[in-house]
Amino acid sequence: MAAIKADPAGAVIGLDFDGTLAPIVPDPADARVDPHAASALVRLGGLVGAVVLVTGRPAATAIAYGAVPGGPGLADVPGLVVLGQYGLERWEAGQVTSPPPPPGVDRVRAELPGLLAALGLTLTGGEEPGVTIEDKGRALAVHTRRAADPEAALRALREPLAKLAAESGMQVEPGRLVLELRPAGMDKGHALSAFLAERGARSVLFAGDDLGDLAAFEAVRLSGLPGVTVCSASLEVAALAQRADLIVDGPAGVAALLSALAGALSGP
């Protein structure tokens, strides 16, 4: 933190989206950025070298869910870059660049409903109990938060989804009551490391909340830069808190930290 304050122009501020900037909600389509976090990032974007979001969401979705009615949103953060789909997509200055979807995604999309039915899991898209499929274009996530027994549904899904992923050339990314099937070969650590090198970073902060953020934490450690890792704490994930330098109370705590950092960098 001292290095960031001493040389803001060399600092990269990296963040996850869900559970870090936006509270976790039963339906992932209802997630929205904490307005206080968005306001703090707008301030920070003009003070540091770069602000980058590294998320499993499609990059354009993170921007859309980062809108704040009547106030500044993520699209207003100066120089913001969003590395979506674990780094496979990039949003910058209103433009998205990305490779074509991997062929295995079509097979996963076609077979998931039947797999869920065979396991006796009800597929739901509304308020009724069941599991939900989130189609991200290049990945598909199965959420069990709405199931009658979320943990039991997650346990039942682990082995069949791992088998389907292996057969489709994909990999499984576990999260908070969610299992995501996504392309292999890219994770938040690779994405963050490449961005730090691209920007010639001299210090780095990364904040996350879930198991997928462990790779980014490791990238901070391996970068050799002065760095700080921040856990947006929850009762569902303890592993991240054990590896973090700072622990804050969910997205509201992240927003408070970002605001305090912006205040420190802007001076009296």
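Letter by letter, the sequence shown follows residues 356 to 623 in the numbering used here. Where a beta carbon is used, it is the ideal one built from N, C-alpha and C, also for glycine.
Item to complete: Kindly say whether Thr416, judged by its beta-carbon, lies nearer than 9 Å to any beta-carbon of chain C.
Response: Considering every chain present, this structure includes no chain C. It has just one protein chain.
Worksheet item: Since Val592 and Leu560 are thought to touch, with beta carbons under 8 Å apart, how far apart are those beta carbons, to the nearest angstrom?
Response: Contact between Val592 and Leu560 does not hold, since the beta-carbon distance rounds to 19 Å and is not under 8 Å.
Worksheet item: Which runs of the alpha helix (DSSP H) fall wholly inside the segment 479 to 544 and span at least 4 residues, in chain order?
Response: 505 to 523
Worksheet item: With 16 as the cutoff for other CB atoms within 10 Å, does Arg537 come out buried or exposed?
Response: Buried, because 16 or more other Cβ atoms sit within 10 Å of the Cβ of Arg537.
Worksheet item: Are the Cβ atoms of Trp446 and Val432 separated by less than 9 Å?
Response: no
Practice prompt. Leaving out five residues on either side along the sequence, give the residues of the same chain with a beta carbon under 8 Å from the beta carbon of Gly400.
Written response: Val406, Val432, Pro433, Gly434 and Leu435
Worksheet entry | Beta bridge counterpart(s) of Arg445 as assigned by DSSP | Leu438 and Thr452
Worksheet entry | Boundaries (first-last residue) of the beta strand (DSSP E) holding Leu370 | Ala366 to Leu370
Worksheet item: What residue from Pro468, Gly449 and Ala546 has the CA that sits closest to Thr487's CA?
Response: For Thr487, the nearest C-alpha among the options comes from Pro468.
Worksheet item: Secondary structure at Thr410, three-state DSSP: helix, strand or coil?
Response: Of the three classes helix, strand and coil, the one that applies to Thr410 here is coil, per DSSP.
Worksheet entry | For Val460 and Arg513, believed in contact at Cβ under 8 Å, the rounded distance | Their Cβ separation, rounded to whole angstroms, is 20 Å, which puts Arg513 and Val460 out of contact at 8 Å.
Worksheet item: Residue range of the beta strand (DSSP E) that Ile359 falls in?
Response: It is not in any beta strand (DSSP E) - Ile359 instead sits in the alpha helix (DSSP H) that spans Ala357 to Ala361.
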